[in-house]
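Numbering (this note's numbering), first residue to last: 208 to 359.
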Amino acid sequence: MRRAPRTAAAAALTGALLALAGCGVPTSGVIDAGAPAVGVPARITLYFVTDGTLRPVPRRLPEDTGDPVEGAVRLLLAGPVGDEARKLTTALPTVPGRPAVTVAGGAVTVRFPAGVERLDTTAMEQLTCTAVHALHWSGADASPSPTGAGTA
208 MRRAPRTAAA AALTGALLAL AGCGVPTSGV IDAGAPAVGV PARITLYFVT DGTLRPVPRR
268 LPEDTGDPVE GAVRLLLAGP VGDEARKLTT ALPTVPGRPA VTVAGGAVTV RFPAGVERLD
328 TTAMEQLTCT AVHALHWSGA DASPSPTGAG TA
């Protein structure tokens, strides 16, 4: 019967020594491992139209997109693509060139080039919802208030 306590003591001592030894891993300081890992591509929500109502559509932002709000607006203006185009439409007009997208103080301003027609209510809603969602997604805060002709 004396064997059981010795075996238990030996097992406990072995466990303690392994814990103290760290399983052979030496201690070290902080090791710089470089840039963080790249994960799943960023997805943003665009708002297109189906049966007269807005519908959220997830879309991947291109890797070279600098500002996510500007990237989302550019994707929105490109319209539905592929299979989306069979079910979805856009109320936004064709925009020659690139609009100027500015984010300041939690507000997004989109200025279209001269000659772009005034946006109707649905187009303003598409643009506003997409821009505000992108702004929240980017970590900023926004209060939607569409105003002006061609400005959201």
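In this text, a Cβ means the ideal position worked out from N, Cα and C, and glycines have one as well.
Confirm, please, whether the CB-CB distance from residue 276 to residue 315 is below 7 Å.
-> Result yes, Cβ atoms of residue 315 and residue 276 sit closer than 7 Å.
With 16 other Cβ atoms within 10 Å as the buried cut-off, status of residue 287 | With 16 or more Cβ atoms within 10 Å of its Cβ, residue 287 is classed as buried.
Of the choices 309, 325 and 328, whose alpha-carbon is the least far from that of residue 281?
-> Answer by Cα proximity: 309.
Report buried or exposed for residue 285, applying the criterion of at least 16 other Cβ atoms within 10 angstroms of its Cβ.
-> It is exposed - the Cβ of residue 285 has fewer than 16 other Cβ atoms within 10 Å.
Under the rule that 16 or more other beta-carbon atoms within 10 Å means buried, what is residue 292, buried or exposed?
-> By the Cβ neighbour-count rule, residue 292 is exposed, with fewer than 16 other Cβ atoms within 10 Å of its own.
Burial state of residue 328, where buried means 16 or more other Cβ atoms lie within 10 Å = Answer is exposed; the Cβ neighbour count stays below 16.
Check whether the Cβ atoms of residue 300 and residue 264 lie closer than 7 Å to each other.
-> In this structure, residue 300 sits away from residue 264, with a CB-CB distance that is not shorter than 7 Å.
Can you find a CB in chain B that lies within less than 7 Å of the CB of residue 342?
-> Among the chains in the structure shown there is no chain B, since it carries only a single protein chain.
For the putative contact between residue 306 and residue 318, defined by C-beta atoms under 8 Å, what is the C-beta separation to the nearest angstrom?
-> Their Cβ separation, rounded to whole angstroms, is 6 Å, which keeps residue 306 and residue 318 in contact under 8 Å.
Rounded distance between the beta-carbons of residue 321 and residue 298, thought under 8 Å = The distance from the Cβ of residue 298 to that of residue 321 is about 20 Å, inconsistent with a contact at the 8 Å cut-off.
DSSP three-state assignment for residue 284, whether helix, strand or coil = Note: residue 284 maps to helix in three-state DSSP.
With 16 other CB atoms within 10 Å as the buried threshold, where does residue 278 fall?
-> Buried, since its Cβ has 16 or more Cβ neighbours within 10 Å.
Would you mind sorting residue 266 into buried or exposed? The rule is 16 or more other CB atoms within 10 Å of its CB.
-> It counts as buried.
Nearest to residue 254 by alpha carbon, out of 337, 342, 341 and 346?
-> Closest by alpha carbon: 337.
Simplified DSSP assignment, three categories, for residue 294 | Note: residue 294 maps to helix in three-state DSSP.
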